[in-house]
Amino acid sequence: MEACHRKPGTPGVGKTTLGKELASRSGLKYVNVGDLAREGQLYDGYDEEYDCPILDEDRVVDELENQMSEGGVIVDYHGCDFFPERWFHIVFVLKTDNSVLYKRLETRGYNQKKLKDNIQCEIFQVLYEEALGSYKEEIVHPLPSNKPEDLEDNINQILKWIEQWVKDHSS
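When we follow the working numbering, the leftmost residue of the sequence shown carries the number 34, and every step to the right adds one.
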């Protein structure tokens with residue numbers, strides 16, 4: 034059995050960058066839920082206010098079930114409350130300073146409402162609290178994601194965790 038990791042966080046905190054680099058260095062499989070949904074059209078409508086499709090969470094879970102049961106998967110998505118708890122051995126929540134996050138989201142061309150709501154989400158730690166409410170507290174770990182050095186530090190920290198997990202679970 035291989036470890037499965039979950040990386041929730043507000044859009045723009047660096048989940049995709051971290052996930053792809055971590056998969057490259059660890060040999061684990063990387064799944065971006067947004068890409069998976071786009072490729073499989075796993076949507077349940079469109080949200081005009083936020084100018085984005087509405088994810089069909091049940092279909093996403095069904096689509097991921099087999100590969101998650103095999104283990105060794107890094108899952109990248111901004112929310113986590115609909116994923117089964119049994120899927121993950123550890124959850125890393127990336128957190129970014131609001132001024133840094135604002136610039137990142139502005140660069141993406143987010144409309145004012147989407148920009149404001151995502152910044153508020155980070156201010157009030159909504160996704161961190163969601164992760165704590167969805168998984169055992171001892172497997173949820175916040176990681177800073179403000180500057181380039183944080184990426185390398187986070188990758189090294191997670192790789193050490195993976196190495197220890199493998200040692201602890203080898204038969």
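Positions of the beta carbon are idealized from the N, C-alpha and C atoms, including for glycine.
State the Cα-Cα distance for the pair residue i and residue j, rounded to the nearest angstrom.
i: residue 127; j: residue 158; result: 10 angstroms
i: residue 113; j: residue 61; result: 20 angstroms
i: residue 199; j: residue 122; result: 11 angstroms
i: residue 161; j: residue 79; result: 26 angstroms
i: residue 105; j: residue 132; result: 34 angstroms
i: residue 56; j: residue 70; result: 20 angstroms
i: residue 129; j: residue 140; result: 15 angstroms
i: residue 2; j: residue 187; result: Nothing can be reported for residue 2, as the shown portion of the chain is limited to 34 through 204.
i: residue 193; j: residue 91; result: 33 angstroms
i: residue 204; j: residue 73; result: 37 angstroms
i: residue 138; j: residue 182; result: 20 angstroms
Flag this pair as yes or no: are the beta carbons of residue i and residue j separated by less than 8 angstroms?
i: residue 135; j: residue 107; result: no
i: residue 75; j: residue 96; result: yes
i: residue 118; j: residue 43; result: no
i: residue 148; j: residue 50; result: no
i: residue 88; j: residue 125; result: no
Please classify residue i as buried or exposed, where buried requires at least 16 neighbouring CB atoms within 10 angstroms.
i: residue 34; result: Only weak support is given to the placement of residue 34: the predicted model assigns it a pLDDT of 45, under 50, and the value that follows is read from those uncertain coordinates. So residue 34 counts as exposed.
i: residue 102; result: exposed
i: residue 116; result: buried
i: residue 191; result: buried
i: residue 111; result: buried
i: residue 52; result: buried
Can you tell me whether DSSP reads residue i as helix, strand or coil?
i: residue 166; result: helix
i: residue 154; result: helix
i: residue 147; result: helix
i: residue 186; result: helix
i: residue 131; result: helix
i: residue 202; result: helix
i: residue 161; result: helix
i: residue 52; result: helix
Report, in whole angstroms, the separation of the C-beta atoms of residue i and residue j, which I expect to be a contact under 8 angstroms.
i: residue 109; j: residue 48; result: 5 angstroms
i: residue 46; j: residue 178; result: 5 angstroms
i: residue 59; j: residue 195; result: 6 angstroms
i: residue 82; j: residue 146; result: 7 angstroms
i: residue 144; j: residue 84; result: 6 angstroms
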